[in-house]
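Structure first, then comments.
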Amino acid sequence: MESLFSAMIVLLLVSFSCFTSSEALTSNNGNITIKWDFMSWTPDGYVAVVTAYNYQKQRSIGSPGWKMSWRWTRKEIANCCKGGVLKPGLESAFQIAVGNAGDSVKTVRMPVNFMFTAPKQQYLCGPTKNVRPTRFITADKRRMTRALMTWNITCVFHKAT
Ligand SMILES: *[C@@H]1O[C@H](CO)[C@@H](O)[C@H](O)[C@H]1NC(C)=O
Ligand SMILES: *[C@@H]1O[C@H](CO)[C@@H](O)[C@H](O)[C@H]1NC(C)=O
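Here is the structure:
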């Protein structure tokens, strides 16, 4: 009886922490969404455009700007970082080339432990999700193209630091 009781407590605690962690990733104050669009495959990896969108109504990310980092699960490039300033409602993008990364939708691995930081602000990021590939309009505006694959990561403001 007693062990059943402690098992129930453990279960309760586990579901409570799952609840709080998913709860933490939806916020009335908006979020930062990082989108990872695979544009082309290279002999040992890929070229991707990484875009950060500031969907926060009020919070602006000032100079020297945001930084993002992640951990690879294999032997891809060093954990890269990149930054910029990001006003509410705006977006900022950069292109990266990743080597040693697998060369197809099937072999490539998602980076993990995403961290998004900004001056005096700490964010919590959710898991990387494989989503419907972004559609782009070509420069001549005549055709639609599609990313080969798209990953989204959502981060929310956690606390001031
Ligand atoms: C992030 O914010 C955008 C814009 O408000 C919203 O459409 C999207 O659903 C949010 N994402 C999550 C995971 O809450
Ligand atoms: C991924 O993020 C982009 C940029 O915020 C958004 O336009 C798109 O709808 C998101 N996709 C999904 C499936 O949430």
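Last residue of the sequence shown: number 172 in this note's numbering, and the count goes up by one each step with no gaps.
Ideal Cβ placement from N, Cα and C applies to all residues, glycine included.
Being a predicted model, the structure only gives us computed values, none of them experimental.
Asked, Found
"What are the partner residues of Arg-157, as DSSP defines its beta bridges?", "Arg-146"
"Within the same chain, show all residues whose beta-carbon is closer than 7 Å to that of Trp-47, passing over the 5 residues directly before and after it, in chain order.", "Ala-59, Val-61, Thr-161, Trp-162"
"Could you check how far apart the C-beta atoms of Trp-81 and Phe-125 are, in whole angstroms? I think they sit under 8 Å.", "5 Å"
"When the Cα atoms are used, what is the spatial distance from Asp-151 to Phe-49?", "21 Å"
"Would you call Ile-45 buried or exposed, if buried means 16 or more other Cβ atoms sit within 10 Å of its Cβ?", "buried"
"Which residue's Cα is closest to the Cα of Tyr-57: Gly-113, Pro-99, Arg-70, Thr-156?", "Gly-113"
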